[in-house]
Amino acid sequence: MEIILDQLNKDLFDTFVLIGKFKYGDNATPLKIGNLFEKIESDISELQFIHLPTLPNNTLRQSIEFQLFRIKERFKDLQSDYRTKKVQEKQRHLDSLYLKSCDQLELLIESGENEETVALNDNVLVNDNNLEELSNQEKLLQQNSVLTDKLQNVNAMLKSTLLAGEMNLNELDQSTKSLSDLSDSYQMFGSILNTTNSLVKEINKASKEERIMIYRAIYFFITVCCWILWRRIFKRPILLIIWLIFSPLKLFFRKGNPTKVEPTVSVTSSLIATATQVIQNTVDEAVKKDEL
169 MEIILDQLNK DLFDTFVLIG KFKYGDNATP LKIGNLFEKI ESDISELQFI HLPTLPNNTL
229 RQSIEFQLFR IKERFKDLQS DYRTKKVQEK QRHLDSLYLK SCDQLELLIE SGENEETVAL
289 NDNVLVNDNN LEELSNQEKL LQQNSVLTDK LQNVNAMLKS TLLAGEMNLN ELDQSTKSLS
349 DLSDSYQMFG SILNTTNSLV KEINKASKEE RIMIYRAIYF FITVCCWILW RRIFKRPILL
409 IIWLIFSPLK LFFRKGNPTK VEPTVSVTSS LIATATQVIQ NTVDEAVKKD EL
């Protein structure tokens, strides 16, 4: 493929040289230029439609496509230059014929020969026809120049559009890569959130169980403290107070019984004796329990 590109560049250079050497009336040079044009078109078609589609879409293929695009542009420029060169050479040939006829006319006027003057007039008419043909060639050249300018403008627009398209493709590739990276980041962030959510649930569950255990321990501690305070401090005084409250009532109900009539002194003495006995028994029980 590189060989074909080198051969195309060589053929384009040879064509450029032949166009520079072209003269009006030379039949060999146009034949060589036509053969080179046909060969260049054949090589471009072979490279574009046979060899290029077999290449993978990589940097090498893009480089070859760019070189082929430049070769096509140079080939079109050479064709335009060749047309312009032919018109210019023909115009130069007609100009030389016109100048030659003018010189002959001056010579015939000076010699005064009528027959030659008539012949010269005929030549002048021919030269007028040549001038008319020259004006047509100038119009054709002008139209070719306008068409060439328009084609060059279109070529420039296509090049700018191609460059803009390549830039858009590069930006699209970068945007696609950025979006894929962002998608990966969001997926990673989602997995982190899911892991964090499960961890928070486990922590809440563990903290709830620990809180229940702490409450149970506090309740047990309060119960033990209350039990110790009851057994060591509050039990005996409360029992004594209860006894002191209910004992007079008991004695009062006994006093209200008519079968039992006892003096007040005996009741008081018996009450004191009973209270003393109860207190002594309570103290003895407390001492025994403390010893145990």
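When the letters of the sequence shown are read in order and numbered with my numbering, they come out as residues 169 to 460.
Positions of the beta carbon are idealized from the N, C-alpha and C atoms, including for glycine.
Bear in mind the structure is a predicted one, so any value in this text is a computation, not a measurement.
Once DSSP output is grouped into helix, strand and coil, what is the label at LYS327?
In the sequence shown, residue 327 corresponds to position 159, counting from 1. LYS327 falls in the helix class under three-state DSSP.
7 Å Cβ shell around GLN175 - same chain, five flanking residues per side excluded:
Within the sequence shown, numbered from 1, the residue matching residue 175 stands at position 7. Taken in chain order, the residues that qualify are ASP211.
Whether or not the region 215 to 225 and the region 184 to 201 are in contact is what I'm after, with contact meaning three or more pairs of Cβ atoms, one per stretch, closer than 8 Å; do they touch?
No contact exists between the region 184 to 201 and the region 215 to 225.
Roughly how many whole angstroms lie between the Cα atoms of LYS327 and THR363?
Here residue 327 is taken as the residue at index 159 of the sequence shown, counted from 1. Here residue 363 is taken as the residue at index 195 of the sequence shown, counted from 1. Going by the C-alpha atoms only, they are around 54 Å apart.
For GLN175, the first and last residue of its enclosing alpha helix (DSSP H)
Translated into the one-based positions of the sequence shown, residue 175 becomes position 7. Note, GLN175: alpha helix (DSSP H), 170 to 189.
Are there three or more Cβ pairs, one per stretch, closer than 8 Å when the region 250 to 258 is compared with the region 307 to 317?
These segments touch.
Between which two residues does the alpha helix (DSSP H) holding PRO221 run?
Sequence index remark: in the sequence shown, residue 221 carries index 53 (1-based). Counting along the chain, PRO221 falls outside any alpha helix (DSSP H), and DSSP gives it neither H nor E.
Cβ distance (whole Å) where ILE201 is taken to contact THR227 below 8 Å
As a working note, residue 201 is residue 33 in the sequence shown. As a working note, residue 227 is residue 59 in the sequence shown. Not quite, the Cβ-Cβ distance comes to about 35 Å (not below 8 Å), so this is no contact.
Can you give me the start and stop residues for the alpha helix (DSSP H) that ASN203 sits inside?
Looking up residue 203 in the sequence shown gives position 35. Counting along the chain, ASN203 sits inside the alpha helix (DSSP H) bounded by residues 196 to 214.
Contact check, THR450 vs ARG404 under 8 Å by CB: the rounded distance?
Position 282 of the sequence shown, counting from 1, holds the residue named residue 450. Position 236 of the sequence shown, counting from 1, holds the residue named residue 404. That belief holds up - the Cβ atoms of THR450 and ARG404 are roughly 6 Å apart, short of 8 Å.
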